[in-house]
Amino acid sequence: MSDAVTDAGQTGQPVLELRDFRVTFPTHFGDVQAVRGVDVDVHKGEMLGVVGESGSGKSVTFLGLMGLLGKNARIEGSAKAGGIELVGMPPKLLNRVRGKQVAMIFQDPLSALNPVHRVGDQIVEMIQSHQDMSTKVAFERSVELLDRVGIPQPRDRASQYPHEFSGGMRQRVVIAMAIANDPDVLIADEPTTALDVTVQAQILDVLQRIRKEMGTAVVLITHDLGVIARVADRVQVMYAGRSAEKGDIGPIFDHPSHPYTRGLLASLPALGRERLTPIPGAPPNMLMPPSGCAFRARCPHAIDECALGLPDLEPFGDLETACIRAGELSLARSA
Amino acid sequence: MTDGSGLIAASGPNGAHPQQDGVTARGSADPIGEPVIEVNELVKVFPVRRSKGIRVTKRLVQAVSDVSLSIGSRETVGLVGESGSGKSTFGRCVLQLIEPSAGSVKYKGTELVGMTREQLRPLRRELQIVFQDPYASLDPRLTVGSAISEPLEIHKVKGDHGQKVKDLLDLVGLSPDHSSRYPHEFSGGQRQRIGIARALALDPTVIVLDEPVSALDVSIQAGVINLLEDLQDRLDLSYLFIAHDLSVVRHISDRVAVMYLGKLMEVGPAEELYTGAAHPYTQALLSAIPEPDPVIEREREHMTLVGDIPSPIDPPSGCRFRTRCPKAQPRCATEEPELIDRGFGHPIACHYPERLPEVMAGPVDFAKRSVS
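Top to bottom, those sequences are chains A and B. The numbering of the first sequence is the working numbering, which starts it at 1 and goes up by one. The numbering of the second sequence is the working numbering, which starts it at 1001 and goes up by one.
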């Protein structure tokens, strides 16, 4: 699996490209600024890990670009899938993109399946909504897909209902449905959080196999740094609706530059670590995000200048870091 | 991932002697210090109704079958296993929140099973629980102060409750001024601290921690774990720490017990179990936890279990793990392996235990990593 670290094909046009992407929820108390200007590039066939705490905007970003946040959400900026702008696209047209170019799976597979239809028929419906294909052929294709995601006896299983599947098997069915139209990008939002570790390992293997065999780019949204370490090629760390840091998997874990990324890694239990180091405080309220760097209230290295402006991602060594002190902090550490 | 060596001798490595005749040489699986809780052959079955057409059959779910485990004074025992393994049911049976179907639970030598509610009540002060979900376990209409002082009132504790609440809030790292606020005003980590303060109100000796940090973000989780460790040192607490996150369990536990389908598979000192597990289930579980280090994570060999945990209504005969075990033999289906020391220094319920150093992950040693 070690080749995955290096062979991330980063050439050519990104299959998914977000620029200054913003999601705002107007409420009685004011605007909740869930996502505040995020840039994301997803390249063909890569596995991008998106990490962050709850409330960091990692899920909302991708739900927003898929048009799954409802009418209340205000979405601004640009999100292009295969060169097509998704922001502001009429729902009817967006339906053609969803599932075809970009597909998404969620934490709870049961909510994505219709309890009164056989799983095979649900996959057939998914195929036929995007492709002109006879039911017979589409059914054969659905059996093939179930087989591809590792469901034993796929032909028999295709005629069963969702409740007859275990949690891990349901998640496989949902993955089969998501890849039915051979999307360029598969967005997986905490796909293994509700599953046991042994089943989680199986699902991660399935995602990894799809990425390799079909060349589908996978965006893996998770809070689990272990999962990221296992499968991701690149990582984007989010905090308070912004990108804190991004880069290849190796450097992010080996020498993170942003104090938040470092704090996250330092808070994990590890051997030889008698005492854990939590990040003090809690994430900010996005109704009134603090001025300047949102992490400064919890940051051990914050100075007055941190309050002055929103830090942008700047190239820093082999990473891109949104911290005005990244340079001097790194010098101080290596000294 | 079968290693092909189906004939792993029943002897351990380096010619260690296996105990075959059921002589339980518990050795290092014994609790550290005097046992505070002694559980013996605990069984819990739940009746379930299953209907097939119009025929309704009553069947039994074996949630916990024949589990013996002790907890020493000031000791933390980690209990791990997949969902459906019976670990939470076991925790609740220890506290008599669920009445065990059979077996014995002794607290400081006193038998709890069979006691009436009245007899149990004074003992409940010393046996407490902290739940997983800090959102569901606090009454949204009670102020934090009343939530924490409620146990004091129920048990008619004399003294200044207001002061006690302030002391408790201070103890768990919250401001004493917070006692007049409501749960919704707190974050997840703070609520879990409130839950802990409430459990501590009656000066307990044993606390069952049922997934206490699973719902928290990693940066917050570390603070709660530190707090639990500090409280144990200051208040001489014994913990039964139930969790599925094995890296947290390793960090906090003195001993770890691995449960599968209601049975204990392996019990031993935490470090010994993590570095030298000999039960294939423990090995698979450890192999499945992703290490937060891409270099180690991609170099190590993963042992992926196939399938899901079987239904506890109809558990497999013999060894309960055999249906998913990569090295199951015909003997495993007929003869149930006892939880005994088989020459590895701690008890293992497997006919063919074996250490597999190459499957075990090298733990992340942050001290050794170069900072470039």
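Think of the CB as a built atom: it goes at the ideal place given N, C-alpha and C, for glycine as much as any other residue. All values derive from a computational prediction rather than experimental measurement.
Those residues of the region 1263-1286 of chain B placed with their C-beta closer than 8 Å to a C-beta in chain A are A1284 and L1285, ordered along the chain. Listed in chain order, the non-local C-beta contacts of B/S1219 below 8 Å within the same chain number zero, local neighbours out to five positions each way being set aside. Listed in chain order, the non-local C-beta contacts of A/S56 below 6 Å within the same chain comprise M238 and Y239, local neighbours out to five positions each way being set aside.
For A/Q128, the nearest beta carbon of chain B is not closer than 7 Å to its own beta carbon.
Residue-level contact by beta carbon fails for B/E1075 and chain A, as no gap is shorter than 7 Å. DSSP, read as helix, strand or coil, puts B/L1095 in coil. Residue pairing for B/P1269: DSSP places it in a beta bridge opposite B/R1255.
When the five nearest sequence neighbours on each side are left out, the beta carbons in the same chain lying within less than 7 Å of the beta carbon of B/R1059 are those of V1048, R1050 and I1313, in order along the chain.
Counting C-beta pairs with one atom in each stretch, the region 1284-1292 of chain B and the region 1335-1347 of chain B have fewer than three that are closer than 8 Å, which means they do not touch. Here the alpha carbons of A/V206 and B/R1255 stand approximately 34 Å from one another. Within the region 126-186 of chain A, no complete beta strand (DSSP E) segment of 3 residues or longer occurs. Scanning A/M47, A/D41, A/E46 and A/L86 for the CA closest to the CA of A/L63 turns up A/L86. CA-to-CA, the gap between A/P278 and B/T1304 works out to about 32 Å.
At least one CB atom of chain A sits nearer than 7 Å to the CB of B/I1289.
Runs of the alpha helix (DSSP H) lying entirely within the region 1313-1356 of chain B and spanning at least 4 residues, in chain order: 1330-1334. Here the alpha carbons of B/D1210 and B/R1121 stand approximately 21 Å from one another.
Less than 7 Å separates the beta-carbon of B/G1103 from that of B/L1042. As a beta-bridge residue in DSSP terms, A/V237 pairs with A/V51 and A/E245. Closest in C-alpha terms to B/G1084, from the list B/V1064, B/L1123 and B/S1101, comes B/V1064.
Counting of Cβ neighbours within 10 angstroms places A/P256 among the buried residues, the total reaching 16 or more. Rounded to the nearest whole angstrom, the CA to CA distance from A/P259 to B/Q1329 is 52 Å. For A/P26, the closest Cβ of chain B is not nearer than 7 Å. Note on A/H28: under 16 other CB atoms within 10 angstroms of its CB, so exposed under the neighbour-count rule. Residue burial is scored here from C-beta neighbours: A/M177 has at least 16 other C-beta atoms within 10 angstroms and is therefore classed as buried.
Relative to B/M1265, the option among B/Y1281, B/D1230 and B/P1315 whose CA is nearest is B/Y1281.
Here DSSP, grouped into helix, strand and coil, assigns B/S1149 to helix.
In this structure, B/I1252 is the residue among B/I1252, B/A1243, B/L1216 and B/S1247 with its C-alpha nearest to the C-alpha of B/L1231. Flagged as an interface residue toward chain B: A/F253, by a C-beta distance shorter than 7 Å. DSSP places A/F62 in the uninterrupted alpha helix (DSSP H) bounded by K58 to L65. A residue is called buried once 16 or more other Cβ atoms fall within 10 Å of its Cβ, and A/R234 is buried on that count. A/P259 is outside the set of residues whose beta carbon lies under 7 Å from a beta carbon in chain B. Contact between B/I1194 and B/L1138 holds: CB atoms are separated by about 6 Å, below the 8 Å threshold. Between the region 67-86 of chain A and the region 1224-1243 of chain B, the count of Cβ pairs shorter than 8 Å is below three; the stretches do not touch. Inter-residue distance for B/P1316 and B/I1148 is about 45 Å (C-alpha atoms, whole angstroms). Under the Cβ distance rule, A/S166 counts among the residues neighbouring chain B, one pair being separated by less than 7 Å.
Between A/K44 and A/V15, the C-beta spacing is below 7 Å.
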